[in-house]
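Here the structure comes first, spelled out in C-alpha cells, and everything after it is commentary.
Numbering (full-length UniProt numbering), first residue to last: 1 to 601.
Right under this line is the structure:
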C-alpha cells in the first residue's frame, strides 16, 4: 500500500483538529479560538504531525483576508467616514502610547539596544485582528459600541504596519537604498486605484455575472476580487487584509453584498480556524523552555501594559467603564503583524537577533492564547448595572421586515410599508429586476432566498416579519419551510398563487397568506357593479360579503377538504344547451325496439 500524499495528510490533520476541538471548547465555554490553538500545539510541537507551521500560517492568513473583506461589506464609505475619529484619533493614540511604554520596557531588559527596543515595543503594540474579530463574531458583538471602537483601533494598526516596516530600514542605517517617499506614493496610488476600481467596475462586473445565473461564476468572481485586491495591496507595501477590507467597503453599497458575504463566509470560517491552528503549530516549545522565567514575566507585563493604556485612552475618549474594560481585555495580546515585523527586523541582522525574534514571537503567541481568558475576566470586572448600547447602523440590512422576492405584488406591498415609515430589507435573485428597481430608487439586494446563509446575511435574525413574494410556488414553499425550521421568531406573510396553495400554506401554519388575484378581483367586480348603476355603499357591502364568504370557505376547505363550502358560492343555475343546433332531428329509441334495424332519422 502506497504512502498517503503529505499534503492531503496535513490537510486532514488540520480539518480534523478543527472538527474535534471546536465543539469541545465551545461546550466548555472557553471559545473556539482557544480550542484551535490547543489543536495546533498538539498536532505540531507535541505529536510532530506537521513540521512546517510557518508554511501553513502563510496560507491560513487568507482567513484574515476574507474576514476583513466581510467586515468591509458591513461598512459603507459614509459609515467609515463617521468612524474617522476613532480610527485616526483613538487608534493612533493607542499605537503611539502603547508603543512608547513597551519600548521602554524592552530597553530595561537589556536584551536589545535602543533601536531594537523601538521595533520590539511598537511590534508588541499591535493587536491580533484575527483573534479579536473572531471573539467579537462569536459573541455577536461586532455592532456594539465597544465592538466598533475595537475595530477602529485594529484598522489603524493595519495601516501602521507600513510606516513601521519603513522604520526598520531607517533604524538599520544606509545599508540598502531606500525610497520612503516613493514607497508612500505607491501605497497612496494603490489605495486610490482600489477605490476607483471598486466604485466603477466591480458592481457592473457582478451585474453581468448575476444575469447568467451561474452561482459558481459568482463565487469565483468573489474570490478573484478578494485575492486580487489583497495581492495589489501587498505589492504596494500594505497588508493583504487592508486590500480585502477596501474592496469590501467599495462593495458595501452594492446590491450583491449579501450574496458575496454568503459565498465567502465558508472559506473565511475554515481558513481562519486553520490560521489559529497554525499559530499553535508555530509555537516553539524549546524557546519557551529555555526562557521560561523571562516569558512568564514578559507575557503578563505585555497584557497589563496594553490593557491599562487602552483602558485609559478609552475612558478619556468617552467610553463607559464597561466598554473600556471590554476593549482593554480584548486587545492586550500581540498581533499577527508582529510576526512580520520581527522576522523582517531579524533578517536585516542589525536590529534583532534570530533568538530575540523567536523569543518575541513566542511571547506574542502565548499572549494570543491567553486572550479568551482575558475576555472572560472582563465580565467579572464590569459593573453590575451594565447596559449595553447597540449601534443601530446595520448598513441596509436587519430591518423589521425582510421581503424575499420583488415581484409586482411585492413592489406594491413595499410601497405601503415604506409609506408607513417602516424600513424594509428586500432580496431578489433576478439581476435584471434589481437593475430595473434600482433605476426607480428602490434599494434591494441580490441573493437566493432559499439559502440559510443569505437570509442570515440579510438580517433575518433581527426581522419581525418575513414577507415572501417569489414567482413560483415551489420556491415559496421551500423558503417557508426554511424560515419555520431555522427562524421561528419571525412571523411569515406569504403571497400565494391560487386557492389550493392558500389551503396548503394554512395547513403548515403560516401567519398570513393572500392570493395575488383576490383583492384585485374583488375591487374589479365592485367597480363593474358601480358602473352598472349599483350604489357605492351597496357595492362595498357586496364586496365585503364576498370577502367574508371566501375566508369562511377557506377555513372549511383547510379542515374538511377542497369540496367543502361549495354552498357559499353565488352562482346562477345554467341549463346546458348545445352551442350549435343539430342539422337533423333525433328520434328517441324505445328499449323494446329492435336495435339491429337502423332507426329512422
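Built from N, CA and C at the ideal position, the CB exists for glycine as well.
Please read these numbers as outputs of a predicted model, since none were measured by experiment.
Exercise. Grouping DSSP H, G and I as helix and E and B as strand, with all else coil, what is residue 473?
Worked result: helix
For this session: Please state if the CB of residue 317 and the CB of residue 80 are separated by a distance shorter than 8 angstroms.
Result: no
Problem set entry | Straight-line Cα distance separating residue 563 from residue 588 | Low per-residue confidence applies at residue 588: pLDDT is 48, beneath 50, and the placement is therefore not dependable, though the value from the model is reported in the following sentence. Cα to Cα, residue 588 sits roughly 36 angstroms from residue 563.
For this session: Just confirm the distance between the C-beta atoms of residue 222 and residue 260, as a whole number of angstroms; I'd bet it's less than 8 angstroms.
Result: 5 angstroms
Problem set entry | residue 392 (DSSP reduced to helix, strand or coil) | The pLDDT assigned to residue 392 is 35, lower than 50, so where the model puts this residue is not dependable; a value taken from the coordinates is nonetheless given after this. If DSSP states are grouped into helix, strand and coil, residue 392 belongs with coil.
Problem set entry | Of the listed residues 35, 146, 543, nearest to residue 378 (C-alpha basis) | 146
Problem set entry | Runs of alpha helix (DSSP H) wholly within the segment 483 to 541 (minimum 4 residues, chain order) | 499 to 508, 516 to 531
For this session: Taking residue 36 as part of the beta strand (DSSP E), name the residues at either end of that continuous run.
Result: Not the beta strand (DSSP E): residue 36 falls in the alpha helix (DSSP H), residues 32 to 41.
Problem set entry | Backbone CA spacing between residue 341 and residue 334 [nearest angstrom] | 12 angstroms
Exercise. Considering only C-alpha positions, which residue in the set 266, 313, 251, 508 is nearest to residue 78?
Worked result: 251
Exercise. Excluding five sequence neighbours on each side, which residues of the same chain lie with their C-beta closer than 7 angstroms to the C-beta of residue 249?
Worked result: 72, 75, 77, 80
Problem set entry | Status (buried if at least 16 other CB within 10 Å, exposed otherwise) for residue 364 | buried
Problem set entry | the segment 499 to 507 / the segment 527 to 541 touching (three or more Cβ pairs under 8 angstroms) | no
For this session: Take the Cβ of residue 386 as the centre, count every other Cβ of all protein chains shown within 10 Å, and call the residue buried at 16 or more, exposed below.
Result: With a pLDDT of 46 at residue 386, under the threshold of 50, the modelled position of this residue cannot be trusted, and the question is left open.
For this session: Measure the alpha-carbon distance for residue 240 versus residue 166 and round it to whole angstroms.
Result: 17 angstroms
Problem set entry | First and last residue of the uninterrupted alpha helix (DSSP H) at residue 467 | No alpha helix (DSSP H) holds residue 467; the beta strand (DSSP E) holding it covers 465 to 468.
Exercise. Under 8 angstroms, do residue 138 and residue 32 count as touching if we go by C-beta distance?
Worked result: yes
Problem set entry | According to DSSP, residues forming a beta bridge with residue 403 | 426, 467
For this session: Can you check DSSP and say which residues form a bridge with residue 293?
Result: The partner list for residue 293 (beta bridge, DSSP) is empty, contrary to what the question assumes.
Problem set entry | Helix, strand or coil at residue 212 according to DSSP, with G and I counted as helix | helix
Exercise. CB-CB under 8 angstroms to residue 291, same chain, minus the five flanking residues each way: which ones, in chain order?
Worked result: 359, 362
Exercise. Helix, strand or coil for residue 445 per DSSP?
Worked result: strand
Exercise. With 16 as the cutoff for other CB atoms within 10 Å, does residue 608 come out buried or exposed?
Worked result: Beyond the ends of the chain as shown, which are 1 and 601, falls residue 608; an answer cannot be given.
Exercise. Is residue 109 helix, strand or coil by DSSP?
Worked result: helix
For this session: Please work out which residues of its chain come closer than 7 angstroms, Cβ to Cβ, to residue 65, disregarding the five sequence neighbours upstream and downstream, and give them in chain order.
Result: 226, 230, 240, 241, 244
Exercise. Near residue 246, which residues of its chain fall below 8 angstroms by C-beta distance, leaving aside the five closest residues on each side in sequence?
Worked result: 72, 191, 194, 195, 198, 229, 233
For this session: Compare the Cα-Cα distances from residue 149 to each of 410, 314, 495, 207 and report the closest residue.
Result: 314
Exercise. DSSP three-state call for residue 383: helix, strand or coil?
Worked result: coil
Exercise. What did DSSP end up calling residue 450 once you bin it into helix, strand or coil?
Worked result: coil
For this session: State buried or exposed for residue 200, treating a residue as buried only when at least 16 other CB atoms are found within 10 Å of its CB.
Result: exposed
Exercise. DSSP state of residue 15, grouped into three classes?
Worked result: helix
Exercise. Is the segment 81 to 100 touching the segment 275 to 285, taking contact as three or more C-beta pairs under 8 angstroms?
Worked result: no
Exercise. Using 8 angstroms as the threshold, is the segment 119 to 126 in touch with the segment 318 to 326, meaning 3 or more CB pairs across them?
Worked result: no
Problem set entry | Nearest residue (CA-CA) to residue 426, options 545, 400, 94, 406 | 406
Problem set entry | Residue from 276, 308, 323 whose Cα sits closest to the Cα of residue 336 | 276
Problem set entry | residue 472 classed as buried or exposed, judged by whether at least 16 other C-beta atoms fall within 10 angstroms | exposed
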